[in-house]
Amino acid sequence: MGNNLGIRIPKYLAGKLHVSEGALVNLKLTNNGLIISTEESELDILLNNITDSNRHHELLSNDKMKGNETW
63 MGNNLGIRIP
73 KYLAGKLHVS
83 EGALVNLKLT
93 NNGLIISTEE
103 SELDILLNNI
113 TDSNRHHELL
123 SNDKMKGNET
133 W
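So for the sequence shown, my numbering puts the first residue at 63; every next one is plus one.
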């Protein structure tokens, strides 16, 4: 893609990182190297921000249906 370079990652490391071809990663330049880390998806970020105080308790309760829900 243009002036970009590609990096080959051994399959066993890619598996541990849950990275596949075309995955987006973060690159961080350090004094003596480069740190490659997986990029959190927007869904992961949103799910990580769920707390007891901001979740919808009625969706997770064992109560009977309160409306026309089909679940």
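Glycine included, every Cβ here is placed at the ideal spot set by N, Cα and C.
(1) Rank Ser-82, Asn-66 and Asn-65 by C-alpha distance to the C-alpha of Pro-72 and give the top, closest one.
(2) Cα separation between Asn-110 and Glu-102?
(3) Report yes if the C-beta distance between Leu-89 and Ile-98 is below 7 Å; otherwise report no.
(4) Could you give the distance in angstroms between the alpha-carbon of Arg-117 and the alpha-carbon of Asn-66?
(5) Rounded C-beta distance between Leu-75 and Thr-100? I'm assuming under 8 Å.
(6) Could you give the residue range of the beta strand (DSSP E) that holds Ile-98?
(7) Along the chain, where does the beta strand (DSSP E) that runs through Asn-88 open and close?
Taking the geometry as given:
(1) Comparing Cα positions, the closest option is Ser-82.
(2) Asn-110 and Glu-102 have their C-alpha atoms some 10 Å from each other.
(3) If you check the CB distance, Leu-89 and Ile-98 come in under 7 Å.
(4) Their Cα atoms are separated by approximately 41 Å.
(5) Wrong, their Cβ atoms sit about 11 Å apart, outside the cutoff.
(6) Counting along the chain, the beta strand (DSSP E) containing Ile-98 begins and ends at 95-100.
(7) Residues 87-92.
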